[in-house]
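Residue numbers (our numbering): 625 to 816.
Okay, structure coming up:
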């Protein structure tokens, strides 16, 4: 029997699933319902592992969704986006947490599509705990996009696999200059 035939038979018997890795999922419970995200530890290992580490260590114990960006609340932005942002929302705590290296979408090949989970940042390499979920496709947040003048984009590390209706509800809440009048507490955040 030829080697190529043996390989083909082995591939069929083992199946391609033997070569793939199951990605971890995280459930976020809010008063508006549950959001379940798949965390891509394969394509965005630095960012994904940082998020999971903070989750395991209890960093997100008092996390909130506190910022919403819609077409109607960013009048001065030339490049408009739609997201909800969550995390610790307390600079005194955030500033004490070590930031991570910036994994651009050019490196990970993950894009800011509808439901993408990504790290918020100021300059490249300043992300630590703040994250956002895209509402609709947001290519201006990818590497080379025009939302940030540095062109580095933001670091996608996962995606919503259920609960986008909850994301939409949160995004429509009342805000003042993009910050929710009543932030939405993430009551429970856990790895499933």
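All residues carry an ideal CB built from backbone N, CA and C; glycine is no exception.
Cβ-Cβ distance between residue 808 and residue 741 below 8 Å: no
Where residue 807 sits in the DSSP three-state scheme: strand
Contact the region 664-677 vs the region 772-783: 3+ CB pairs below 8 Å: yes
Residue 656 (DSSP reduced to helix, strand or coil): coil
Three-state secondary structure (DSSP) of residue 627: Residue confidence is low: residue 627 scores 48 on pLDDT, short of 50, so the model does not pin down where it sits. No coordinate-derived value is stated.
Cα-Cα separation, residue 718 to residue 764: 26 Å
Residue 673 versus residue 646: straight-line alpha-carbon distance, rounded: 15 Å
Beta-carbon gap between residue 657 and residue 759 smaller than 8 Å: no
Proximity to residue 801 [Cα-Cα], best of 653, 693 and 746: 693
Closest by C-alpha distance to residue 774, when choosing among 675, 681 and 728: 728
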